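Residue 289 in the working numbering sits at position 289 of the sequence shown; the count goes up by one each step and never skips. For every residue, glycine included, the Cβ atom is placed at its ideal position computed from N, Cα and C. Remember, predicted model here, so these are calculated numbers, not experimental data.
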Amino acid sequence: MSTPPGFAAPGGDTAQALTRRVISGYDGPTTLTELVQLASILARSRGGMVPPVYFNNPDAIIAVSFAARALDIPMWVALHELYTVKGVVGKKAVLIRALWLRHGITYDFDVTDTECTGWIRRPGEDRKYEVTYSILDAQRLGLVDRNEEWKKQPKAMLVARWTTTTANRWTPHIILGMDTEDLSTDPAGEETAGWHTGEEIGPEVLRVLEEAGLAVQKGQGVEGLRGIWDRNLVLLDAWAGEGESLRQVLTRMITEEAVKGLPGEPRQHPGDLALKRLEPVVVQGTVTARQDHGVPQGADGTLWGPEEAAVADMVRAAAQGKAAGPEGTPATVAGDLPCGCPLADVMAGTGHRETCVLNGTRS
Numbered sequence: 001m002s003t004p005p006g007f008a009a010p011g012g013d014t015a016q017a018l019t020r021r022v023i024s025g026y027d028g029p030t031t032l033t034e035l036v037q038l039a040s041i042l043a044r045s046r047g048g049m050v051p052p053v054y055f056n057n058p059d060a061i062i063a064v065s066f067a068a069r070a071l072d073i074p075m076w077v078a079l080h081e082l083y084t085v086k087g088v089v090g091k092k093a094v095l096i097r098a099l100w101l102r103h104g105i106t107y108d109f110d111v112t113d114t115e116c117t118g119w120i121r122r123p124g125e126d127r128k129y130e131v132t133y134s135i136l137d138a139q140r141l142g143l144v145d146r147n148e149e150w151k152k153q154p155k156a157m158l159v160a161r162w163t164t165t166t167a168n169r170w171t172p173h174i175i176l177g178m179d180t181e182d183l184s185t186d187p188a189g190e191e192t193a194g195w196h197t198g199e200e201i202g203p204e205v206l207r208v209l210e211e212a213g214l215a216v217q218k219g220q221g222v223e224g225l226r227g228i229w230d231r232n233l234v235l236l237d238a239w240a241g242e243g244e245s246l247r248q249v250l251t252r253m254i255t256e257e258a259v260k261g262l263p264g265e266p267r268q269h270p271g272d273l274a275l276k277r278l279e280p281v282v283v284q285g286t287v288t289a290r291q292d293h294g295v296p297q298g299a300d301g302t303l304w305g306p307e308e309a310a311v312a313d314m315v316r317a318a319a320q321g322k323a324a325g326p327e328g329t330p331a332t333v334a335g336d337l338p339c340g341c342p343l344a345d346v347m348a349g350t351g352h353r354e355t356c357v358l359n360g361t362r363s
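Right, here's the structure in full:
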């Protein structure tokens, strides 16, 4: 497979060492179409191979696929080792211990019918983190009375609770799928830039990177890149080289396009450009949000950012009469911001930063 410019790949034995997987990672669909097709097939599966909770429930299978991607585990493992209790996704203890082993975490424990005591040691650390979980802990939570398995197989139940307690306390980054294992160098210390997870860039991600590069070359700007973003939502968290996800690469490209500035002018902050674009419209008495005002910002790739904030603040100022329309009349406001916030609602608040839907404080 070819490698995009700027993404150097190692060769020889180093390449084989980095591409070899100790435990399989996510192997499910990478496009929405393929994911829907697979979910439809599995939801009709009979014979006990697929857990009954997923029968006639393709939406749940799609949701599981996102958990599988976050944890980087095979779809089949996710279907059988993940569960939900009152809307909260849980991981079976055996899966947690498998994730520990994959990430170089060592552990051991001793268990009786009344207590499980053990330790874990994280990579690069000498300290052993010790945890004890007893039958008294389970009784205080009411677990023993609610589940007969505590009486039938207390050792297995104690080991399971010790595992989850230890994971929540000492390895939350792994069970939440937030581990950032760095394989950018081989054991000998030779730099192998562009290899973050030890895998080649997937063909679908490579296609998107090439499409984005062509969009920039053709001068399609923010609008062209945003279109690519919207067409490949399922792939945004896939690895794209240099320790970055596709989301981060596209975010950087979109931001760079947004701050190129107007023809013949120096590069400017997106917020300054927003004000410049809106100035003639405000003077005419109408402020309308334009689709190119949304620029993903930060690693999470949300649409909320300094440009949209500046647009909303400008709109709000106009509505308060600080920017007048023709013959001194207040400017009118129409339309929505790309994030979906109605401009009228934004004006009534304290500013877009505090009220944006995507910023998490406005429902």
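For my contact list, V371 and K155 are in at a C-beta cut-off of 8 Å; report their separation, rounded to the angstrom.
-> The first residue shown for the chain is 1 and the last is 363, placing residue 371 beyond what the model contains.
Nearest-angstrom Cα distance between F109 and V77?
-> Position 109 of the sequence shown, counted from the start, is the residue given in the question as residue 109. Position 77 of the sequence shown, counted from the start, is the residue given in the question as residue 77. Within the model, the alpha-carbon separation for F109 versus V77 is close to 24 Å.
Counting only runs of 4+ residues fully inside the region 83 to 145, write out the alpha helix (DSSP H) ranges in chain order.
-> Uninterrupted alpha helix (DSSP H) stretches at least 4 residues long and entirely within the region 83 to 145 occur at 93 to 102 and 135 to 140, given in chain order.
What residues in its chain sit with their C-beta under 6 Å from that of T132, if we drop five residues either side in the sequence?
-> Translated into the one-based positions of the sequence shown, residue 132 becomes position 132. Only T117 meet the Cβ criterion.
Compute the beta-carbon to beta-carbon distance between L99 and I175, rounded to the nearest angstrom, for a pair I have assumed lies under 8 Å.
-> Residue 99 sits at position 99 when you count from the first residue of the sequence shown. Residue 175 sits at position 175 when you count from the first residue of the sequence shown. Between I175 and L99 the Cβ distance is about 7 Å, and since that is below 8 Å, they are a contact.
Using the Cα positions of M49 and L71, report the straight-line distance between them to the nearest angstrom.
-> Residue 49 sits at position 49 when you count from the first residue of the sequence shown. Residue 71 sits at position 71 when you count from the first residue of the sequence shown. Spanning the two alpha carbons is a distance of roughly 22 Å.
S245 - partner residues in DSSP beta bridges | As a position in the sequence shown, residue 245 is number 245, starting the count at 1. Looking at the DSSP assignment, S245 forms a beta bridge with W239.
Helix or strand or just coil, what does DSSP make of D59?
-> On the sequence shown, position 59 is the one that residue 59 refers to. In the structure shown, D59 sits in a helix (DSSP, three-state: H, G or I).
Local Cβ density within 10 Å of R161, reported as buried at 16 or more and exposed below that = What you label residue 161 is simply residue 161 of the sequence shown in a count that begins at 1. Buried is the call here.
Taking the alpha-carbon positions, what's the H103 to K218 distance?
-> Locating residue 103 in the sequence shown gives position 103, counting from the first residue. Locating residue 218 in the sequence shown gives position 218, counting from the first residue. H103 and K218 have their alpha carbons spaced roughly 43 Å apart.
Taking I228 and A240 to be in contact with their CB atoms under 8 Å, please state how far apart those CB atoms are, rounded to whole angstroms.
-> On the sequence shown, position 228 is the one that residue 228 refers to. On the sequence shown, position 240 is the one that residue 240 refers to. The beta-carbon separation of I228 and A240, rounded to 13 Å, does not stay under the 8 Å limit for a contact.
Keeping to the same chain, check which residues put their C-beta closer than 7 Å to that of M253; ignore five residues upstream and five downstream.
-> In the sequence shown, counting from the first residue as 1, residue 253 sits at position 253. The residues are A212, V216 and L225.
What is the DSSP secondary structure of M253, reduced to helix, strand or coil?
-> What you label residue 253 is simply residue 253 of the sequence shown in a count that begins at 1. DSSP places M253 within a helical segment (H, G or I) once states are collapsed to three.
Near A238, which residues of its chain fall below 7 Å by C-beta distance, leaving aside the five closest residues on each side in sequence?
-> Here residue 238 refers to the residue found at position 238 of the sequence shown. Once the five neighbours on either side are set aside, the close Cβ partners of A238 are T30, G202, V205, S245 and L246.
How about K151 and V159: do their beta carbons lie closer than 9 Å?
-> As a position in the sequence shown, residue 151 is number 151, starting the count at 1. As a position in the sequence shown, residue 159 is number 159, starting the count at 1. No.
Going by alpha carbons, who is nearest to Y107 out of E115, I120, R46 and I96?
-> Counting from 1 along the sequence shown, the entry for residue 107 is found at position 107. Considering only alpha carbons, the answer is I120.
Would L233 be called buried (16 or more neighbouring beta carbons within 10 Å of its own) or exposed?
-> In the sequence shown, the residue the question calls residue 233 occupies position 233. Exposed, since its Cβ has fewer than 16 Cβ neighbours within 10 Å.
Report back the beta-carbon spacing between L32 and Y54 to the nearest angstrom; my notes put them in contact at under 8 Å.
-> Sequence index remark: in the sequence shown, residue 32 carries index 32 (1-based). Sequence index remark: in the sequence shown, residue 54 carries index 54 (1-based). At roughly 18 Å, the Cβ-Cβ gap does not stay under 8 Å, so L32 and Y54 are not in contact.
Take the Cβ of P52 as the centre, count every other Cβ of all protein chains shown within 10 Å, and call the residue buried at 16 or more, exposed below.
-> As a first step, residue 52 is located in the sequence shown; it is residue number 52 there, counting from the start. The residue in question, P52, is exposed, as its Cβ has fewer than 16 Cβ neighbours within 10 Å.
For Y26 versus P58, is the C-beta spacing smaller than 9 Å?
-> Position 26 of the sequence shown holds residue 26. Position 58 of the sequence shown holds residue 58. The criterion of a C-beta distance shorter than 9 Å is not satisfied by Y26 and P58.
Residue nearest to T114 in terms of C-alpha spacing, selected from T251, Q37, R169 and L136 = Stepping through the sequence shown from its first residue, residue 114 is reached at position 114. When only C-alpha atoms are compared, the closest one is L136.
Please report how far the alpha carbon of L236 lies from the alpha carbon of A167, in whole angstroms.
-> Locating residue 236 in the sequence shown gives position 236, counting from the first residue. Locating residue 167 in the sequence shown gives position 167, counting from the first residue. Those two C-alpha atoms are separated by around 28 Å.
Where does the unbroken alpha helix (DSSP H) through V442 begin, and where does it stop?
-> Examination of residue 442 is not possible in this model, given that the chain is present from 1 through 363 alone.
When the Cα atoms are used, what is the spatial distance from T251 to F66?
-> By 1-based counting over the sequence shown, the position of residue 251 is 251. By 1-based counting over the sequence shown, the position of residue 66 is 66. In this structure, the CA atom of T251 is about 21 Å from the CA atom of F66.
Would you decide whether K408 is buried or exposed? Buried here means 16 or more other CB atoms lie within 10 Å of its CB.
-> With the chain represented from 1 up to 363, any question about residue 408 goes unanswered, as that position is not in the structure.
Among E256, R207, L209 and Q248, which has the Cα closest to the Cα of V222?
-> As a working note, residue 222 is residue 222 in the sequence shown. Distance from the Cα of V222 is smallest, within the candidate group E256, R207, L209 and Q248, for E256.
What whole-angstrom Cβ distance do R127 and I105 have, given they're in contact under 8 Å?
-> The residue given as residue 127 occupies position 127 in the sequence shown. The residue given as residue 105 occupies position 105 in the sequence shown. Contact check for R127 and I105: beta-carbon distance about 12 Å, past the 8 Å limit, so the pair fails to qualify.
Whole-angstrom distance between T164 and R97, CA atom to CA atom = Translated into positions along the sequence shown, residue 97 becomes position 97. Translated into positions along the sequence shown, residue 164 becomes position 164. The straight-line gap from Cα to Cα measures roughly 9 Å.
Same chain only: Cβ atoms within 6 Å of E81, ignoring 5 sequence neighbours per side | As a working mapping, residue 81 is identified with position 81 in the sequence shown. For E81, where only same-chain residues beyond five positions count, the Cβ hits under 6 Å are K92 and L95.
Which of the three DSSP states, helix, strand or coil, is assigned to E34?
-> As a position in the sequence shown, residue 34 is number 34, starting the count at 1. The answer is helix: DSSP assigns E34 an H, G or I state.
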